[in-house]
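Participant:
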Amino acid sequence: MGLFILRRVGVMILTALCLTFIVFWLTNLYPNLEKLAKTQGNFRMSDEAVTSYLTNRGYTQSLPVKYGQWLGVLPGYVIEGSDGETRSRCEEGKTFCGIIQGDWGYSTVFQDEVSTIVAKRLGVTGFLMLWVMIVMVPGALIIGVLAGMREGSGTDRSLSTVSILSTATPEYVSGVILIALLGTKAVIDWDTVPFKGSATSAIDDPNFWNMFLPVITIALYGMGYIARMTRASMTEVMTAQYIRTARLKGVSFPKIVMRHALRNALIAPFTVIMLQFPWLLNGVVIVETLFQYKGFGFALVNAASNNDIELLLGVSIVSVFVVLITQLISDIGYVFLNPRIRIS
Amino acid sequence: MEALTWTGSLGTILNPILSIAVLLLAISVVVQIVLSFFAPAITLQSNADGTLMKRGGALGMFEQATKLFFFAALAIVVVYIVGGIILPYGMLGIVGAMSKQFAPVWIALFLTFLASIMFKRRLGLYGKLFDSVIGMIGFGLVMFWVFTAIFAGLFDLIATHDPLSQISGLKNKLPGVALPEGSEGKAPHYLLGGDNLARDIFSRMVYGSTIVIAIAPMATIFAFMVGITLGLPAGYYGGRLDTILSFLANLILAFPVILLFYLLVTPEIVATGIPSFMAAFLFVFPIVFFGVLLNSRYYTQPTKRTPMLILVLGALGWLYLSMISQTGTVLDFLPPAVDLFDIAPGILVVFVSVVFVNSPTVFRIVRGLALDLRTRDYVAAAQTRGEGAWYVMLWEILPNARGPLIVDFCLRIGYTTILLGTLGFFGLGLPPESPDWGSTINEGRKLLLVFVHPPLPPAIALLSLVLGLNLLADGLREESLKD
């Protein structure tokens with residue numbers, strides 16, 4: 015078990031290094047840097063001016079060197095610029111300053127330290143995710159168990175259709191439809207509109223009325239998938255020998271479902287729920303853009319569309335780690351929960 | 005001209021009936037779900053005279069009722085559609101007028117279903133699809149959009165206006181608004197209203213389908229070619245090859261999709277030519293696939309193989325070269341006389357990124373299937389006969405993996421449609437005036453709290469297509485498991 019975890023962690027770190035290197039390479043391509051120089055300096059810069067601007071700030075060093083400095087394993091540059099000024103990557107007295115040392119750089123869009131932005135935004139988005147989980151997981155499990163306990167029945171068919179419908183509705187579709195129905199007076203003639211179609215105010219004052227639509231929008235898309243997995247697992251359990259034995263003993267149907275089947279049927283969905291996190295991350299970006307909820311996803315979109323290289327790198331490293339860590343937890347959790355694998 | 009209402013004069017009779025049927029359907033479904041937890045299951049009872057009887061009880065009754073109400077609602081919807089085609093323009097309002105515009109699609113759908121149901125016993129898995137209601141609904145939805153795309157894209161039917169032309173005075177106007185005097189179009193109204201640039205929303209939705217229907221299945225086919233060509237050897241050989249390829253696939257899968265899109269599709273990155281090089285790399289796989297497929301089977305008969313390979317590889321190679329050689333990008337080497345076609349620059353980038361995102365998942369599925377199937381007896385038999393590794397993979401393992409692959413293919417087209425919509429939603433890749441559904445939703449959502457009608461039609465269109473594909477996949481899975 016220990017060796018297994020150790021190997022998984024090793025692969026995870028290797029993956030993280032590869033991914034951050036790819037992101038670093040793509041964001042540090044020359045056209046991006048040129049755009050950065052022009053937005054930071056001025057738009058009518060000549061090519062020479064751009065080159066000297068970039069050289070003075072260490073952008074023209076070779077890619078592995080830059081990556082090493084950004085990571086914090088190579089000493090930061092100290093360059094005497096063509097304009098006579100000496101610039102260094104690190105503050106006075108420090109040689110190494112990168113992600114590892116906690117120096118995440120400075121965001122050009124939000125005019126703030128990347129680490130403070132990322133930390134604050136993650137908290138806001140974490141709150142949204144928490145509510146999504148609270149709504150999505152029990153909802154999906156109930157639908158899945160109800161559908162799976164009598165395979166092929168009318169209930170199964172109607173609930174399966176509902177879960178197919180929810181997996182077929184991406185967030186930008188369900189969000190638009192939900193806002194039109196519940197957030198405006200255009201489709202249904204409300205006396206007062208029940209929910210807020212914008213979640214901007216939810217940052218300072220989150221309440222039921224402004225958080226409901228974003229939460230439901232994200233939860234709906236993931237719900238169907240988890241429900242289908244739960245259903246598959248439940249139908250498998252319901253055909254098991256011990257369920258038949260319980261039936262033959264005369265145990266009532268609700269009791270069979272609650273006591274005998276449920277616990278065994280919930281092992282498989284655990285992995286699925288953990289693997290939903292990367293999907294949720296996508297959903298979060300779409301929903302935060304649609305509802306103007308200024309969280310992590312909103313920062314990602316802003317950083318990417320405004321060529322804010324340092325913030326984009328910070329955001330990507332966090333999202334890559336979220337994905338990898340959930341994968342790790344789901345692997346380990348599956349082994350841990352499943353007695354057949356745990357004991358062998 | 006007066007503005008159209010939603011269902012016109014006939015709607016006053018039909019609408020209440022439809023709403024009652026739908027309400028009853030909803031009630032019976034909910035009651036059925038609640039009952040299923042308490043009521044005894046439906047069982048079969050054998051009678052003394054040798055017949056079987058369904059013992060339904062309350063649950064069975066509601067199941068029958070659900071079926072009845074469902075067909076009642078469906079029948080009323082058919083009345084709307086047929087009425088729209090037959091009755092004069094405007095009698096059934098916007099719904100009728102739209103149904104009239106879609107008339108070629110309805111006819112094509114009717115003929116397809118008629119022919120398929122008549123010959124369903126002779127059509128293999130496709131024919132079996134018509135045994136399941138879910139599968140038929142899914143197939144109907146998918147074919148609706150396929151026919152719409154064909155008729156709109158090739159024959160210029162269905163749409164009432166040009167998707168790009170603007171008519172002044174119709175900016176953000178509600179559905180059914182009449183055109184001002186002197187303006188032209190195949191219908192005297194903007195059936196679904198005008199968008200924020202005074203363009204016809206209905207026509208844009210119709211033309212949007214041509215883009216989606218053209219890109220999504222093609223991109224999925226390419227993703228499958230890449231996934232199969234790499235996944236089969238990874239699963240069949242295992243070992244170090246498998247480790248390396250799986251690591252790479254997981255690497256791409258760990259990337260948040262939206263971040264990847266933002267990194268690949270921005271104009272700066274396109275200018276460096278990275279998408280062009282990726283296209284050059286990814287589009288090689290179909291050539292490799294077909295080359296190996298034919299060679300592994302016919303290499304013992306060189307007289308047959310050589311002309312076949314020359315023909316296929318020549319044609320594919322030419323297509324490949326004209327596909328990757330685009331004027332105005334880094335890869336522009338074919339003279340215009342030889343270059344068969346140029347794809348619009350935005351579309352190629354979108355296409356490549358969608359293929360790139362989808363291939364690792366296909367790879368994992370194919371690898372898993374190959375890993376499972378390589379232990380079968382027919383594989384051992386082929387190995388004993390002395391068949392080559394690629395023959396075993398492509399002619400023994402692949403045909404036997406087709407069931408799950410076909411199901412996944414349908415699901416994946418749906419997922420690709422969602423990805424295309426996501427790209428459009430963030431305004432990436434395709435030009436902003438493009439009528440594809442994602443871009444139109446993106447345009448419409450900016451004023452969503454003021455005008456809800458512009459983004460709703462493309463949103464519902466996208467939803468119905470993806471839903472159709474998912475239902476189709478579900479029906480196929482169910483029917484293929486029955487054997």
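Read top to bottom, the protein sequences are chains A and B. Take the first sequence: its position 284, counting from 1, is numbered 298 in our numbering, and each next residue is one higher. Take the second sequence: its position 397, counting from 1, is numbered 401 in our numbering, and each next residue is one higher. Even glycine gets a Cβ: it sits at the ideal position worked out from N, Cα and C.
#1: Can you list, in chain order, the residues of its chain with a C-beta nearer than 7 Å to that of S344/A? Leave out the 5 residues immediately preceding and following it.
#2: Given that G81/B touches chain A, what residues does it touch there, using C-beta distances under 8 Å?
#3: Excluding the 5 residues flanking I121/B on each side, which residues of the same chain have their C-beta closer than 6 Å to its C-beta?
#4: So which residues of chain A does N254/B contact, with C-beta pairs closer than 9 Å?
#5: Beta carbons nearer than 8 Å to chain B: which residues of the segment 232 to 246 of chain A have them?
#6: Could you compute how far the alpha carbon of L234/A sits from the alpha carbon of D61/A?
#7: Against T285/A, what residues of chain B qualify as contacts under a CB-to-CB distance less than 8 Å, listed in chain order?
#8: Please go through the segment 86 to 116 of chain A and give each complete beta strand (DSSP E) segment of 3 or more residues, from N-terminal end onward.
#9: What number of angstroms, rounded off, separates the C-alpha of V296/B from the C-alpha of Y303/B?
#10: Nearest-angstrom Cα distance between G3/B and N362/B?
#11: Excluding five sequence neighbours on each side, which residues of the same chain lie with their C-beta closer than 7 Å to the C-beta of D412/B?
#12: Checking contacts by CB at 8 Å: is Q330/B closer than that to chain A?
#13: At the level of alpha carbons, what is the spacing between Q105/B and F66/B?
#14: So, for I232/A: in the same chain, excluding its five sequence neighbours on each side, which residues have a beta-carbon less than 7 Å away from its beta-carbon?
#15: Ignore the nearest five residues each way along the sequence and tell me which others in I19/A's own chain have a CB closer than 7 Å to its CB.
#16: From the beta carbon of N299/B, is the nearest beta carbon of chain A less than 8 Å away?
#17: Using DSSP bridges, identify the partner residues of S121/A.
#18: Check the Cβ of K49/A against every Cβ in chain B and list those closer than 9 Å, keeping chain order.
#19: Apart from the five residues just before and just after A25/B, which ones in its own chain have a Cβ nearer than 8 Å to its Cβ?
#20: With DSSP run on the structure shown, which of helix, strand or coil describes M57/B?
#21: Should T16/B be labelled buried (16 or more other beta-carbon atoms within 10 Å of its own) or exposed?
#22: Does DSSP put G198/B in a helix, a strand or coil?
#23: Are the C-beta of S212/A and some C-beta of chain B separated by less than 8 Å?
#24: Using a Cβ-Cβ cut-off of 7 Å (strictly less than) and excluding sequence neighbours within five positions of R71/A, which residues of its own chain qualify?
#25: Compute the beta-carbon to beta-carbon distance between V207/A and V456/B, rounded to the nearest angstrom, for a pair I have assumed lies under 8 Å.
#26: Give me the Cβ distance between T244/A and G153/A, rounded to the nearest whole Å; I'm assuming they're in contact under 8 Å.
#27: Hey, G162/A and M272/A: beta-carbon distance below 8 Å or not?
#28: CB-CB under 6 Å to K124/B, same chain, minus the five flanking residues each way: which ones, in chain order?
#29: How many whole angstroms separate the CB atoms of G97/B and L39/B, which I take to be in contact at a CB cut-off of 8 Å?
#30: Anything in the segment 102 to 135 of chain A with a Cβ closer than 9 Å to a Cβ of chain B? List those residues in chain order, please.
#31: At 4 residues or longer, what runs of the alpha helix (DSSP H) sit wholly inside the segment 247 to 271 of chain A?
#32: Taking the DSSP output, what are the residues bridged to M182/B?
#33: Distance cutoff 8 Å, beta carbons only. Does L179/A sit that close to anything in chain B?
#34: According to DSSP, is D205/A part of a helix, a strand, or is it coil?
#35: Measure the alpha-carbon distance for G309/A versus R135/A and round it to whole angstroms.
#36: With 16 as the cutoff for other CB atoms within 10 Å, does I148/A come out buried or exposed?
Facilitator: Let me lay it out:
#1: Taking the first sequence and counting its residues from 1, one reaches residue 344/A at position 330. T285, M288 and L289.
#2: Here residue 81/B is taken as the residue at index 77 of the second sequence, counted from 1. In the sequence on display, residue 81/B carries Val and not Gly. By Cβ distance, chain A contributes nothing, its closest Cβ being about 17 Å from V81/B, past 8 Å.
#3: Counting from 1 along the second sequence, the entry for residue 121/B is found at position 117. Once the five neighbours on either side are set aside, the close Cβ partners of I121/B are F134.
#4: Taking the first residue of the second sequence as 1, we reach residue 254/B at position 250. Under the 9 Å cutoff, chain A gives V25, T29 and Q341.
#5: none
#6: The residue given as residue 234/A occupies position 220 in the first sequence. The residue given as residue 61/A occupies position 47 in the first sequence. Rounded to the nearest angstrom, the two C-alpha atoms are 50 Å apart.
#7: Here residue 285/A is taken as the residue at index 271 of the first sequence, counted from 1. Correct list: empty, because the minimum Cβ distance to chain B is about 15 Å.
#8: 92 to 94 and 100 to 102
#9: Start at 1 with the first residue of the second sequence, and residue 296/B comes out as number 292. Start at 1 with the first residue of the second sequence, and residue 303/B comes out as number 299. If you take the alpha carbons of V296/B and Y303/B, they lie about 10 Å apart.
#10: No answer is possible for residue 3/B: the residues shown for chain B start at 5 and end at 487.
#11: In the second sequence, residue 412/B corresponds to position 408, counting from 1. I369, listed in sequence order.
#12: By one-based count along the second sequence, residue 330/B stands at place 326. Not an interface residue.
#13: The residue you call residue 105/B lines up with position 101 of the second sequence. The residue you call residue 66/B lines up with position 62 of the second sequence. Rounded to whole angstroms, Q105/B to F66/B spans 38 Å at the Cα level.
#14: Position 218 of the first sequence holds residue 232/A. Only V146, E185, L294, G297, V298 and V301 meet the Cβ criterion.
#15: Locating residue 19/A in the first sequence gives position 5, where the first residue counts as 1. Excluding sequence neighbours, I19/A sits near I346.
#16: Reading the second sequence from its first residue, position 295 is the one you call residue 299/B. Closer than 8 Å: no.
#17: What you label residue 121/A is simply residue 107 of the first sequence in a count that begins at 1. DSSP output for S121/A lists D126/A as bridge partner(s).
#18: Position 35 of the first sequence holds residue 49/A. Ordered by position in chain B, the residues that pass the 9 Å Cβ test against K49/A are E272.
#19: Numbered from 1 along the second sequence, position 21 holds the residue referred to as residue 25/B. F73, A76, A77 and I80, listed in sequence order.
#20: Along the second sequence, one-based indexing puts residue 57/B at 53. Here M57/B sits in strand by DSSP.
#21: The residue given as residue 16/B occupies position 12 in the second sequence. Exposed.
#22: Counting from 1 along the second sequence, the entry for residue 198/B is found at position 194. Here G198/B sits in strand by DSSP.
#23: Position 198 of the first sequence, counting from 1, holds the residue named residue 212/A. With 8 Å as the cut-off, S212/A counts as an interface residue toward chain B.
#24: Translated into positions along the first sequence, residue 71/A becomes position 57. Here the set comprises R101.
#25: For the purposes of this step, residue 207/A is identified with residue 193 of the first sequence, where counting begins at 1. For the purposes of this step, residue 456/B is identified with residue 452 of the second sequence, where counting begins at 1. No, V207/A and V456/B are not in contact; Cβ-Cβ is about 12 Å, not under 8 Å.
#26: Position 230 of the first sequence, counted from the first residue, corresponds to residue 244/A. Position 139 of the first sequence, counted from the first residue, corresponds to residue 153/A. Not confirmed; about 11 Å, so no contact.
#27: By 1-based counting over the first sequence, the position of residue 162/A is 148. By 1-based counting over the first sequence, the position of residue 272/A is 258. Contact flag unset, no.
#28: On the second sequence, position 120 is the one that residue 124/B refers to. Excluding residues within five positions, the ones whose Cβ falls inside 6 Å are G131 and F134.
#29: For the purposes of this step, residue 97/B is taken as residue 93 along the second sequence, with counting starting at 1. For the purposes of this step, residue 39/B is taken as residue 35 along the second sequence, with counting starting at 1. Not a contact, Cβ separation roughly 39 Å.
#30: none
#31: 255 to 263
#32: Within the second sequence, numbered from 1, the residue matching residue 182/B stands at position 178. The sequence given here places Ala at residue 182/B; Met does not occur at that position. Per DSSP, H193/B.
#33: Residue numbering aside, residue 179/A sits at position 165 when the first sequence is read from its first letter. Yes, its Cβ sits closer than 8 Å to a Cβ of chain B.
#34: Here residue 205/A refers to the residue found at position 191 of the first sequence. Coil.
#35: Position 295 of the first sequence, counting from 1, holds the residue named residue 309/A. Position 121 of the first sequence, counting from 1, holds the residue named residue 135/A. For G309/A and R135/A, the distance between alpha carbons rounds to 5 Å.
#36: Here residue 148/A corresponds to residue number 134 of the first sequence, with the count starting at 1. Answer is exposed; the Cβ neighbour count stays below 16.
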